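Read the structure below first, then the notes.
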Amino acid sequence: ETGVTQSPTHLIKTRGQQVTLRCSSQSGHNTVSWYQQALGQGPQFIFQYYREEENGRGNFPPRFSGLQFPNYSSELNVNALELDDSALYLCASSLDRLPHEQYFGPGTRLTVT
Amino acid sequence: GNSVTQMEGPVTLSEEAFLTINCTYTATGYPSLFWYVQYPGEGLQLLLKATKADDKGSNKGFEATYRKETTSFHLEKGSVQVSDSAVYFCALDRNQFYFGTGTSLTVIP
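Here the protein sequences line up with chains A and B, keeping their order.
Mapping the first sequence onto this note's numbering, position 51 (from 1) lands on 178, and the numbers just tick up by one.
Mapping the second sequence onto this note's numbering, position 61 (from 1) lands on 63, and the numbers just tick up by one.
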């Protein structure tokens with residue numbers, strides 16, 4: 128059984144650019160949630176995908192968007208990057224939207240300069 | 003609205019000391035409550051959970067009791083080890099997850 132993996136590990140982008148982060152869910156899981164964790168803060172919920180459909184969204188602007196693929200892997204896209212987007216982005220996978228069984232990946236560290 | 007408040011860190015303890023990390027919450031309805039732990043360079047791991055009032059979650063010597071009357075879910079461990087050094091997050095689930103800001107724990111030999 129493979130765990131949740133994320134790529135890339137680290138990323139440096141310039142303000143105004145666009146970025147795509149990737150997440151492979153744990154085997155057998157059909158739900159992926161994305162979180163933003165700023166330095167010294169707790170994770171903030173961005174959105175969740177269940178069976179390729181968005182299934183809930185936190186307080187993030189539309190320039191944060193996502194996709195889930197038939198194999199349940201997922202992408203997080205952020206357009207028009209701002210300095211405040213610098214953070215650790217975590218994805219978590221679970222089965223059938225059950226949050227207490229969600230497993231987190233190691234995260235992608237995004238730095239916007 | 004929904005939110006979680008954790009005690010400020012960092013916390014430094016000697017090995018075998020007693021640990022308490024305070025967590026209080028504000029929520030509509032009756033959320034499930036969780037403690038997650040984050041070791042350096044890793045993602046979050048579920049430590050324990052409680053889904054209704056008076057439930058006690060426990061794992062690896064850690065315990066927390068869901069107290070509806072005080073809206074609290076304090077984390078305790080009777081004897082900490084160096085390997086417990088990590089950041090601990092309290093969280094609630096109310097249609098989405100709400101995390102506290104985290105409490106950094108360092109245990110010294």
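Note that beta-carbon positions come from the ideal geometry of N, C-alpha and C, so glycine has one too.
Since the structure is predicted, the reported quantities are computational estimates derived from the model, not experimental observations.
Host beta strand (DSSP E) of residue i (start-end)
i: A:Y177; result: 171-177
i: B:N61; result: 58-61
i: A:F191; result: 191-195
i: A:E202; result: 201-205
i: A:N182; result: 180-184
i: A:H137; result: 137-140
i: A:Y216; result: 214-221
i: B:F114; result: Nothing can be reported for residue 114 of chain B, as the shown portion of chain B is limited to 3 through 111.
i: A:L225; result: Run containing A:L225: none; DSSP gives neither H nor E here.
i: A:Q133; result: 132-134
i: B:A93; result: 88-95
i: B:V84; result: B:V84 -> no beta strand (DSSP E), and no H or E assigned at all.
i: A:Q164; result: 158-164
i: B:Y32; result: Looking at the DSSP string, B:Y32 is not in any beta strand (DSSP E), and its letter there is neither H nor E.
i: B:Q134; result: Given that chain B is displayed from residue 3 to residue 111, the structure contains no residue 134 of chain B and the question cannot be resolved.
i: B:Q8; result: 5-8
i: B:T67; result: 64-67
Buried or exposed (CB count within 10 angstroms, at least 16 for buried), residue i
i: A:S134; result: exposed
i: B:K62; result: exposed
i: A:T158; result: buried
i: A:D212; result: buried
i: A:T235; result: buried
i: A:G232; result: buried
i: B:K51; result: buried
i: B:G3; result: exposed
i: B:L94; result: buried
i: B:Q40; result: buried
i: A:A219; result: buried
i: A:G167; result: exposed
i: A:V205; result: buried
Contact with chain B by residue i, beta-carbon distance below 9 Å
i: A:Q175; result: yes
i: A:E228; result: yes
i: A:A214; result: no
i: A:V131; result: yes
i: A:Y199; result: no
i: A:F231; result: yes
i: A:L222; result: no
i: A:F191; result: no
i: A:G167; result: yes
Nearest-angstrom beta carbon gap, residue j and residue i [assumed within contact, 8 Å]
i: B:Q98; j: A:G155; result: Going by Cβ atoms, the distance from B:Q98 to A:G155 rounds to 22 Å, so no, they are not a contact pair.
i: B:L48; j: B:A66; result: That pair is no contact at about 12 Å.
i: A:L217; j: B:G102; result: Rounded, the Cβ-Cβ distance is 15 Å, inconsistent with contact.
i: B:P64; j: B:K79; result: First, the amino acid is wrong: residue 64 of chain B is Phe here, not Pro. Right, the Cβ-Cβ distance comes to about 5 Å (below 8 Å), so this counts as a contact.
i: B:Y68; j: B:I23; result: Incorrect: roughly 15 Å between the Cβ atoms, too far for contact.
i: A:F174; j: A:E181; result: 6 Å
Cutoff 9 Å: residue i Cβ touching any chain A Cβ
i: B:V6; result: yes
i: B:E65; result: no
i: B:E17; result: no
i: B:E93; result: Contrary to the premise, residue 93 of chain B reads as Ala rather than Glu in this sequence. Output row for B:A93: interface = yes.
i: B:E44; result: yes
i: B:Y27; result: no
i: B:N24; result: no
i: B:N61; result: no
i: B:L48; result: yes
Inter-stretch contact at 8 Å, needing at least 3 Cβ pairs: the segment 12-24 of chain B / the segment 222-240 of chain A: Short answer: they don't touch.
Contact the segment 8-15 of chain B vs the segment 92-110 of chain B: 3+ CB pairs below 8 Å: Put simply, the segment 8-15 of chain B touches the segment 92-110 of chain B. At least three CB pairs are less than 8 Å apart.
Contact between the segment 162-180 of chain A and the segment 22-33 of chain B (3+ Cβ pairs under 8 Å): The segment 162-180 of chain A is not in contact with the segment 22-33 of chain B.
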